[in-house]
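**Student:** To start, I am sharing the structure in question, which I have written as structure tokens.
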Amino acid sequence: MNKRSFAILLSLSMVLSVPGSVMAASSDSDTVSVEILTEAEISEILLEDSSEGAAIESEICEESVGNVKMSTLEEVASEIREKMLNRETLIKVDFNIPSGTANMFNSQLMDQVFRHTGNPAEGDYLKRHTKQFRINAEGMQYATHDQITDTIKLIYRTDKSQEDEVTSRVQSIISSLDLKSKSDYGKCKAIYDYITSNVTYDYEHLSDSEYERAHTAYAALVDKTAVCEGYASLFYRLAMEAGLDCRIIAGVSELQGHAWNIVKLGDKYYNLDSTWDFGQADYQYFLKGSYDFDNHERDDEFKTPAFEKQYPMSDFAYSSGGNSKTVVAPGKCGASAK
Numbered sequence: 005m006n007k008r009s010f011a012i013l014l015s016l017s018m019v020l021s022v023p024g025s026v027m028a029a030s031s032d033s034d035t036v037s038v039e040i041l042t043e044a045e046i047s048e049i050l051l052e053d054s055s056e057g058a059a060i061e062s063e064i065c066e067e068s069v070g071n072v073k074m075s076t077l078e079e080v081a082s083e084i085r086e087k088m089l090n091r092e093t094l095i096k097v098d099f100n101i102p103s104g105t106a107n108m109f110n111s112q113l114m115d116q117v118f119r120h121t122g123n124p125a126e127g128d129y130l131k132r133h134t135k136q137f138r139i140n141a142e143g144m145q146y147a148t149h150d151q152i153t154d155t156i157k158l159i160y161r162t163d164k165s166q167e168d169e170v171t172s173r174v175q176s177i178i179s180s181l182d183l184k185s186k187s188d189y190g191k192c193k194a195i196y197d198y199i200t201s202n203v204t205y206d207y208e209h210l211s212d213s214e215y216e217r218a219h220t221a222y223a224a225l226v227d228k229t230a231v232c233e234g235y236a237s238l239f240y241r242l243a244m245e246a247g248l249d250c251r252i253i254a255g256v257s258e259l260q261g262h263a264w265n266i267v268k269l270g271d272k273y274y275n276l277d278s279t280w281d282f283g284q285a286d287y288q289y290f291l292k293g294s295y296d297f298d299n300h301e302r303d304d305e306f307k308t309p310a311f312e313k314q315y316p317m318s319d320f321a322y323s324s325g326g327n328s329k330t331v332v333a334p335g336k337c338g339a340s341a342k
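Structure (structure tokens):
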């Protein structure tokens, strides 16, 4: 058997960026950097202290390992998700994948972790409550497969005890609103009424970029005040718990970063913005369609053909919503939030 050997350095960093102002949701910036270096370059790098590095030194081994079980992207992502729900800040996962696919696999992993699973505490909710997600990879490359260990470093906006409190309060609200007896529209309206009546806008932390709590459903429930990301996260959590399919949409409103929701009623999705409607008797942004949801522009990731096919929007407002024609001027969501 002919021997073949080479070494690579894989540097993969995926970070959920935090907006400059706490007043709005960020349109998360995911960056992936992959370097393939020569053995000489790696030898030089490995001589240095690289405690913060995201490196993988690999060799193509002349032996192949038979009957190796390959992991799927979803299997690895599911293991990570489960640990993230417990707010673990350092997660290690071991897996085998086809030889030469480590770079591509890890470049897709974060999106898979945060995919819309239908679990109210996962998907958009988990993503919006995660401040930073970094992957460091190391392993061995065999002729038949890559044997990888990913070490994932995480920073969250809430801890496990806070999320336990959110879960408890969400269940209490679901029960108090008697949502099980309501239609889908009735559920949506009751949840929206609750949020707009009980959560005020967090103007106090308008300029405090370090105050992550304002972006969370925990702040909306416990402090009764939050910014748009907290409003949207709470609606998402309550709606999903009530059996309504919902997403958090990031974009721009009034030329500033903002977050709102879409929710499914019947076979179409509708826009809602509980932030702009908080404290109002007549809603301007409740169950609106694509053509009558003023002052909102989605980020590009929510305008792709694939996303629009999966979440088909109604052209106009939901007919039973009782939307007011009164124009409610939106507040500010942070000048540097985008």
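Going by the numbering used here, the letters in the sequence shown line up with residues 5 to 342, in that order. Ideal Cβ positions, reconstructed from N, Cα and C, are used throughout, including at glycine.
Does the beta-carbon of A147 have 16 or more other beta-carbons within 10 angstroms, so that it is buried, or is it exposed?
**Tutor:** Classification of A147: exposed, given that the 10 Å Cβ count is below 16.
**Student:** Going straight from the alpha carbon of S324 to that of E167, what length do you get?
**Tutor:** Computed Cα separation, rounded: 34 Å.
**Student:** Considering only the alpha carbon of each residue, which of I101, I177 and K191 lies closest to T153?
**Tutor:** Of the listed residues, the one whose Cα sits closest to T153 is I101.
**Student:** Whole angstroms is fine: what's the gap from F297's alpha carbon to T105's?
**Tutor:** Distance between the alpha carbons of F297 and T105: 43 Å.
**Student:** With the cut-off set at 8 Å, would you say A236 and A263 are in Cβ contact?
**Tutor:** The answer is yes: Cβ separation under 8 Å.
**Student:** Rounded to the nearest angstrom, what separates L269 and L77 at their Cα positions?
**Tutor:** C-alpha separation (whole angstroms): 31 Å.
**Student:** Keeping to the same chain, check which residues put their C-beta closer than 8 Å to that of V97; ignore five residues upstream and five downstream.
**Tutor:** Cβ neighbours of V97 beyond the five flanking positions: V80, E83, I84, T153, D154 and I156.
**Student:** In terms of alpha-carbon separation, which member of E305, F320, K184 and Q284 lies closest to G293?
**Tutor:** The shortest C-alpha separation from G293 is found at F320.
**Student:** Measuring only the C-alpha atoms, how far is G127 from K135?
**Tutor:** Their Cα atoms are separated by approximately 14 Å.
**Student:** From S201, I95, D304 and L183, pick the residue whose C-alpha is nearest to that of F282; which is it?
**Tutor:** The shortest Cα separation from F282 among S201, I95, D304 and L183 belongs to S201.
**Student:** For N265, is the classification buried or exposed, using 16 other Cβ atoms within 10 angstroms of its Cβ as the cut-off for buried?
**Tutor:** Counting Cβ neighbours within 10 Å, N265 comes out buried, since at least 16 surround it.
**Student:** Report the residue from Y196, A310, G261 and D206 whose alpha carbon sits nearest the alpha carbon of V267.
**Tutor:** Comparing Cα-Cα distances from V267 to each of Y196, A310, G261 and D206, the minimum goes to Y196.
**Student:** Would you mind reading off the limits of the alpha helix (DSSP H) that contains Q284?
**Tutor:** That residue, Q284, is in no alpha helix (DSSP H); it is neither H nor E in DSSP.
**Student:** Would you mind working out which of Y322, E312, E305 and K313 sits nearest D115, comparing C-alpha positions?
**Tutor:** Comparing Cα positions, the closest option is E305.
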